[in-house]
Structure formats: C-alpha cells, structure tokens
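Single-structure report; data block below.
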Amino acid sequence: MRTADKFCDLAGFDPEREEAVVYAHDGSQLTLIEIDGTRSIVSSDDYLINVVERFAGGVAQILKRPGHQLTISYESSLNTARLLDPFVAQQGRRARQKGLSVEALIEEGRAVLEGRARSETILLAAWTRPTAGTAEEVRRQQKENRRAWQALPPARDAQNPFLHLGALAGPHGAYVRRIMEALGEARLQGRILSPDDKGRRRDLEQIRAAVLYHETPDGWTPYGPGTRRYPGAKERHDDDVSEFFTPTVARQIMTGNAEAASDMRALDMGGRRYALAVMRMFPSTILPFNRLLETLLESSTRTADMPFRVCFHLEALRDADIGFRLKKVVAGLLAFASPTNKNLFRALRELEDVVDEDGEAIVKGRVIATTWTEPGEDPGLLERRRSYLMSGMMTWGEAVMTDAPHNPLRALCETVAGMTVQAEVPPGSIAPLGDLAAMLPFHRTAPVFKQGQSMLLTPDGKPVPYEALSPEQLFWLTLILATPGSGKSVLMNRLNVEFTAFSAGVALPYLAVIDVGVSSSGFIELVRNALPPERRHEAYYVRLLNTPDHAVNPFDLGLGRRMPLDRERTFVENFLTTLLNVASPEAALLIPRLITRAYQIKSDLQFSSSPSIYQPNVDPELDRIIAHHRIEVGGRTRWWRIVDALVELRLYTAAQRAQRHAMPVLEDLARVLGEPIMAADFTPELVRSVQRSLEAAIEKFSIFARSTRLDLGEARVVSIDLQDVAQRHKSPEAERNNALMFMIARHVYLSKISGFSEEIAKMDFPSDEGLREEYVRYWEARYHAVAETPKRLCMDEYHLTGGVETIAKQVKSDAREGRKWGLELILVSQLLADFDTLADMASTVMVLNADSNEIREEARRVFGFDGAVKSALERQVHGPQGRRGANLLARFKLREEERWIVLNNSLGPRMLWALTTKAEDRLVRDELYRRMAVNDALRILASRFPDGTAIETWGRVAALARVGEDRIAKTIVDQVLGELMSDARPPIDSSKTAA
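Quick note on my numbering: the sequence shown kicks off at 51 and runs consecutively.
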C-alpha cells in the first residue's frame, strides 16, 4: 500500500471550506477543471487563434512567475457505462411513470450507443506551489501548521487538518479565475469540479478512477480529516494513533497494489494492465492534437477501440531571472554559429526572439501517455496497443518516444491530471507557451445540453444529450431542412418517440404531428400499443377529409369565451386572410372588422346581437344530456344558455360540444358584409370581392363551413394526416390550399392545450358572479393541469405551403406565445426559402443534407453560419450511411450564444421496425402487435429481420400465395412464430423414441 500511495501527492482537503481545492503534502493547492471542448464548430485557424492568443495569452503573465503549473490530460476509452447508465435509468423511470412499455427500445438504444460511443474526458489541473506566495508569509504559516500538527498525538498516516496556507489562497484563487476567464475568451467550455451539495468530491473521484476505474464506484468520495467512527484495531505497541484518524487522501485513492512486469514495460493495477509512452523529445513540427486523434481513432484501423490517455505538464520556470539566464545560454551557443552551420542554430535564434518578447511565457513542458487492456481482454493485446500508441505519437510532428525508463507506477500517476504536483519521468523541454498550447486537446466538440430526452453522438462517438424545451433557449422553434432520402422521417419519429416517452412528468406530453402521408403512423401505433389497453385512446391517428364529418370551425374559442383572446384573433385573421385571398390592401382592414362583428352578433353578452338558438336533433348526445339533467329548453333557448347550464353542472366536455353550435361560422360573415356600416366604410368592389371569395370558400371547403364535428377526445399524442386534402403540385392555389389545411390542423390541436393562467382576467364571461366563478374555476384547473406538461407541434412537409405569408406569421406568433405555455414548434421542409423569415427566430436548426455547393451557400445565407460550419456540412453531412446512421448539422441558439455541432442519428432494428413507413412492413408489424405485447413483437422482428425490413420475404410469400395483403402479413407472422417455436423446442432423443 505504501509503495502505491507514495506516488500520489494529494494529502487532504478542508470540508468546512466547501471549496474546490485539494492540498498536497507540501501545501500546494490544486483545483481540477473539466473541459468539454469548443463551444461551436471552428476552423483549425480560428481554433489556434483562440487557444494560442486567448487561452495561452490569458494565462501567460501568471506562468511567467514561478509557483504555478498546469497539467492537462485527455482520456478516450470505450468505458461509457457511467455516462450511459444514469441516462438509460432515467429513460426507464420516466417511461414507467407514464405507463409506457418500451423496454425493448430502451435496451436497444443503450446497445446502439454502447456499440458506437467513446468516453472522452479532458481535465485541467491548476497547481499553485508555495513559491507563488510571499516567502516570509508562507514560511510563517508552514511553521504554525507544523506546530499545530505536532501538538496532536503522533499519527504519521492520518490526514493532516493543518495543510491550508492562507498566503496561497489569494494567488491560487486569482490563478483559477484567470484560467476560467481565458477558457471563456477562447470559446472553450469548462467547469470547476467543486464539491456537490452533499460534500462529494467529484474532482478526487475523477483522479482515482483514472488508475482504479473498476474499483471506483460512481459517487465515490474520500473522507476528510477527523477521527474514525470505528477506529482501527491497533497492532503495534507504540504511541502512533493513526488508526483513530482518517488516512491521507493519497492512501484513500491508491488502494490497489501495483505490479510491474520484469522488463518494466507493463504495470498491473486495479484489474487493468498498463503500458507507458514517454515523449523524450518534443516534435519538430507542432501539430494540433486532433491530428493525433485522427490517427488513433480512425474507425478503419486496428486502433479504433484502443483506450489511451495523454497528459501534458506545463510549469513555470523556477527562477525569477530565468529569462536572463536563458538568454546567456542561447547567446553562448550562438557564438558557435557560422554561415556553414547556420541551419544547426536556426531554432535557437527563433527561441531567442521569443524570449525577447514581453507577452510570451517560456515554460517547461513534458508529455507522457498510457494505454491499457481491460479485465478479460487478451493480454497480448497490450503490446500491440503500446506499439500503436508509440507509432501514432511519433508520427505526430516527429516526436521522439520511449518507454518509461524506470518506475512505471510513478509514470502512470503522472498521466493523471491532479495526482502529482510535478512530473519527473518525462524529460522537460523549454518552449514558448503558445507553441505548446497548439498541441493541447481542446479542439473537441462540447455538448450543448447537460441532459435531455435523447442521446445522440458526434461523428467520432462522443455522446451528446439533446434537450427539447430547454430553459437555455428563448424560443422553442425548430427548423429542419431535409431533402428526400436524407433520413428525415427516421429522425423526426425517433425524436417524437423519445419526447413522448422520456420527457419529465407522469402523464404523456401533448404532441401533434401534422403530416402528409403515413410516415408518422408507426410512431402513433407504437405509443398506442405501448400503453395499457384502457389508455390507448390517448394516442390517435386521423386522416383528414374535406367532408362535413371532419368539419373544423376556425372560429371556435375556448370554453365560455364569447370574444377571442389576442392569440385566437391572430389565428382567425391569418386563416381568413388566406381563405379569402383578396388582393386589396384594404382587406387587411376589413377582415378584422368582419371577425369582431361576427363574434359580437353571436354573443349573448352584446347589445342587439343574434345568438344561435338551440335546435333539437342537431346533436343527439347533447339532447340526451340535456334531458337527463332536466335543463330547461324552449323555442328561443340560446345555445349559450345551455353552455352555461352545463358548466354550472361541471359537465365540461358536454359544454364544449354545446359551444360549437354557439360559435360564428363562415356563413355569418355574409350577414356582416351585408350590414350598412360595411358598405359605408369600404368600397362596393371590395365588399363584393370578399363576398364572392366567401361563397367560393363555403362551396369548396365543407370542412371549414360548419360547426366542428372532428373531435380528438382525450388524445394527447396525435397524428393528423393531410394526405387526402393536400395538393402536391406546385401552384399558388395548391400552396394556399395546403396552408389552410396546415392551419386548421394546427387549430384542432392547439385549441386543446394553448394558453396560460394570466389570460383568465381577459376572458369574456357572463357577469353573473356565480357563473363567472365556475368558468374561472374551470380555466384555473385546466391551465394548472397542462402548465407543466411538455407540448410539441410538428409540421412535416411544410414546403407544400409554399411559405405563404400568413402561415409564417402564424408560426411566429405561436413561437412567441407558445414560450409562455411550454410549446415547441417543429417545421420540416425541403426548401430553404420556407425558412427565410423564420431563421433568425429559430432556437434550433437541423440540416440533414446539402448535396451541392449552391445549396450550402444558400443555407449559409439563410442561417448565417461561417466557412468552418459550411466545411463541416460539406465533409460530414451526406444523409443515411447504412448502419453508420445519418449525420446532421445542428444549430442551437441559447440565451447568450449560438452553437453549431455535427451530430449522428443511429437506430437499431427494433426502432426501425417500430417507425417503418413501408406499407408491407407496417402490415407485418401491426399483425404481430395484435398477437403480443409491443416489446415482444419488436424483439422478434429485429431478431428475424435485423435490417429493419421484411420486404424480401414479403415478395417470396406474395409470389407463392397470390392472396390479399392482410393474408400475406398473417402468413409471414405465422412463419416467423413457427420458426421461433421450432428453435425453442428441445431436440427429441432418437434412442428413447425407438424404444
């Protein structure tokens, strides 16, 4: 034990201070910082400017003075369990809370991530040595600490509570602050690893896990100084009382024995077997760290699964007059320079020039690396990995690499940022800080969100959470540019499944997909079949028809409201503007007047109004309710009277049905147009033009011309398919038709869940105090019920609307208002032009493909990205690539910055089967759903058809059977289940049957 812990310099910490500081045995102070990487896509040139000028330049003045050091480590491995386990556990917990049985998808999602993901950790250890403080003050405090420690009973192995040097607190705090400021200026994302609210030390857990990964449980933290609750049994007869106190941090970290191989080329510790690589001489050409990673992580090479860690030690030169001394040495060497050997001394002349610069810091740099094999791996693999690591680092700018010459355990400890104050094994090289900074491992992609419903990957395998409705964003408007074949349906359906199943809350979120075609039907079928039978009505698919049975009145308002709220008025204005399509500037004045007057005429609270009169047999279900509750009706009973009566009885669903008949309809606008005041205020030509447009609309669109009959009931997850009402040909009339259908589908869904409690005071209710209180009670309860529920509205095939101005205005209004009541809007289009007026407002943008330079340039203009992002789009985003999934370019606009990142969407066969859009596959899947639970069905389909389709089997069966499609699906499922039963049946012992 002693042979291991003596190589760790960490002595203790002070739990009372609640600070992110650990003390070394000599009083040095350590703060550990975790770095995620760059905040957005940057070019190599811009990255070098950021890291050299802003980061290195930001800390240069401090590193010019002795007493400060930086250690930066980069670790990459396939140990992703600690990252994925909490995420997967949360998915399972949230799905169970909602009653959704999707275990098969959660299992597969984890397997897909585990098969492609790599864990990546970048740590920066900021050290402040006693030499950084005022010498006299440091000596005095050290003396006081020694005296206080010696006043206690002898305890040589106990954690010393008197390690804090107040003289270092100021310099160390300033040092850490400057590092964090420099990281921010360099557009690098990082955080100090501070104790959490329970005092757990994440910094020390990271350090321990670097050498004892399999023996460090998640959440491990060492004990601080103090006595043990149960003292150790004393074995020696002396006056040392170490057994009564907690041990040093080093002894709590280094709890495993280490054993070196006889040739010192390998080290066994904590179940792993390590090999070390020491940089003996720095590269002659400084190359960025990503060049090394390209070599070591290239998926087509044998090193793709190799774990490794590279550590950089940068320390200020010890003597304050080192610049003067270095100048003397350089000058002495340069005295030997001559025209014949001038190339030999060129590097020295360059170093002399740097030393003369006041802004540059000259530091001592060391580099050391390690790779390893995990428990259970082939022991012979280590030697191959050591060779790969050596070779990769030697080709990284032509560095000179060697084995650790001695003491491999010390060398291993020096590969861990924060474990040792100063490196001793790798030889130091003197170089400008700016040059060494260019080698640091910071040019990595930083995740945008800390949590999320979905976990995507970067192209090189880094897990990145994706959070819908993130509080970090001002609006929740997502724009997806997706050309045909770019993986749009797969991405959309996946995000919707995970939004539905894994959002916070015990109830299903509210989610509607407005689609043209059946691409979202698989998503609805999955959710419906994953729910208990008694709740399957909460997922609903409807194919909209232009018939009275599917009528949706655009004038419908929330329960009890006689006049529209501002957001409702905005929708009706946009809808009527599109519907009437009158080419006159005065129409913008006339339409609001029409709307106001139509609601006034139908209100029972307005003077000289004409509210709708109740008529029996219009709605037999309402007639039955009215009779059952003995609501008095007569020849002049108004529908509003029945609505009020039902609300007083708290029969809210029935009241909403009754209110449909109290609302204005399109025909009421004709009456308004005929009023004298309209003729007085507007030209006869305009009135006649609107009248003709109105008559044509009533005749053409029976879906808009009557009281609402389409009812989504209690459905929370909905797909509204516009296949039968949308027009796919390109013409202004078709685009106007499509815009109307998108808007009315949006109205059907949002009327269920829009609004927030502050609107209640603006609602137009009857003046009767008791009745008004009933309405207020209803809306308070309604808003309370939906306020915290996540909400999403997706409009697929948005390009079919042609970007009609009114629908774009409606989207903007919904995005602004929707923020108040928790709504995310997603628009998917094949055309960039649709997003021209929406791009600036969008919180999230996803580009799934951009095949030509012309499209990339247009996307650059619309979304405002730079050349580095365009280059990433060109190099990395090319649509689905088989089992490697599909890359996409994403922009996330946060409150204070804009982030660009390339992500990868990869699915397994279970999810592909759940979301398939092929008609034949859907029939097979749905037949299996009818016979068993959704989890079992998806496991069987994925096992039998791992490519996510049964189209070949369908073709063979169809050729032989020559029956209907339903029968083909049943035949395939019978075959699959028969094969499954045959495989599961135990073999028959022929010897026993013969007897």
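Glycine included, C-beta positions come from ideal geometry on N, C-alpha and C.
First and last residue of the uninterrupted alpha helix (DSSP H) at residue i
{"i": "H222", "result": "G216 to E235"}
{"i": "T620", "result": "D616 to L630"}
{"i": "V697", "result": "W689 to E698"}
{"i": "R241", "result": "Element bounds for R241: not the alpha helix (DSSP H) but the beta strand (DSSP E), L238 to I242."}
{"i": "E157", "result": "E153 to R166"}
Euclidean distance between Cα positions of residue i and residue j
{"i": "V413", "j": "H363", "result": "10 Å"}
{"i": "R115", "j": "L80", "result": "17 Å"}
{"i": "F605", "j": "G502", "result": "37 Å"}
{"i": "Q650", "j": "P559", "result": "36 Å"}
{"i": "G117", "j": "R179", "result": "5 Å"}
{"i": "I692", "j": "E855", "result": "39 Å"}
{"i": "R322", "j": "L939", "result": "38 Å"}
{"i": "G567", "j": "T967", "result": "9 Å"}
{"i": "K652", "j": "E948", "result": "48 Å"}
{"i": "V547", "j": "R972", "result": "17 Å"}
{"i": "R778", "j": "P840", "result": "32 Å"}
{"i": "A532", "j": "V912", "result": "15 Å"}
{"i": "A259", "j": "V984", "result": "40 Å"}
{"i": "A720", "j": "V556", "result": "48 Å"}
{"i": "T851", "j": "A589", "result": "26 Å"}
{"i": "L639", "j": "A648", "result": "15 Å"}
{"i": "E483", "j": "I112", "result": "First, the amino acid is wrong: residue 483 is Leu here, not Glu. Looking at the two C-alpha atoms, the distance is approximately 11 Å."}
{"i": "G929", "j": "V897", "result": "10 Å"}
{"i": "N667", "j": "I676", "result": "12 Å"}
{"i": "D901", "j": "L877", "result": "21 Å"}
Which residues DSSP lists as bridging residue i, in chain order
{"i": "A562", "result": "V768 and L843"}
{"i": "T465", "result": "Answer by DSSP bridge pairing: none, since T465 is not bridged."}
{"i": "V952", "result": "L939"}
{"i": "M451", "result": "M329"}
{"i": "H363", "result": "T121 and R416"}
{"i": "W177", "result": "L80 and Q119"}
{"i": "L507", "result": "P513 and N954"}
{"i": "V72", "result": "L80"}
{"i": "S479", "result": "G415"}
{"i": "T528", "result": "I876 and T894"}
{"i": "M319", "result": "A308 and R322"}
{"i": "G62", "result": "Y73"}
{"i": "E170", "result": "S126"}
{"i": "T533", "result": "Its beta-bridge partners do not exist; DSSP assigns none."}
{"i": "I85", "result": "I172 and G240"}
{"i": "V592", "result": "I770"}
Start and end residues, beta strand (DSSP E) containing residue i
{"i": "A712", "result": "Looking at the DSSP string, A712 is not in any beta strand (DSSP E), and its letter there is neither H nor E."}
{"i": "V417", "result": "I412 to T423"}
{"i": "T894", "result": "T894 to V897"}
Within-8 Å CB hit, residue i to chain C
{"i": "M329", "result": "Here chain C cannot be found, since the structure has a single protein chain."}
Cβ-based burial, residue i [other Cβ within 10 Å; buried from 16]
{"i": "M845", "result": "buried"}
{"i": "G917", "result": "exposed"}
{"i": "T470", "result": "buried"}
{"i": "E682", "result": "exposed"}
{"i": "E955", "result": "Note on identity: in this sequence residue 955 is Asn, with Glu being the wrong assignment. It is buried - the Cβ of N955 has at least 16 other Cβ atoms within 10 Å."}
{"i": "H678", "result": "exposed"}
{"i": "P670", "result": "exposed"}
{"i": "N391", "result": "Note that N391 scores a pLDDT of 47, beneath 50, so its modelled location is shaky and nothing firm can be said."}
{"i": "P245", "result": "buried"}
{"i": "F1047", "result": "An answer regarding residue 1047 cannot be provided, because it is not within the stretch 51 to 1045 covered by the chain."}
{"i": "N579", "result": "buried"}
{"i": "A518", "result": "buried"}
Expected contact under 8 Å - CB spacing of residue i and residue j to nearest Å
{"i": "L128", "j": "P357", "result": "7 Å"}
{"i": "R759", "j": "H587", "result": "Not confirmed; about 18 Å, so no contact."}
{"i": "R941", "j": "T894", "result": "7 Å"}
{"i": "R416", "j": "G478", "result": "5 Å"}
{"i": "P509", "j": "V952", "result": "6 Å"}
{"i": "P338", "j": "S520", "result": "P338 to S520, Cβ: 31 Å. No contact."}
{"i": "E874", "j": "W526", "result": "4 Å"}
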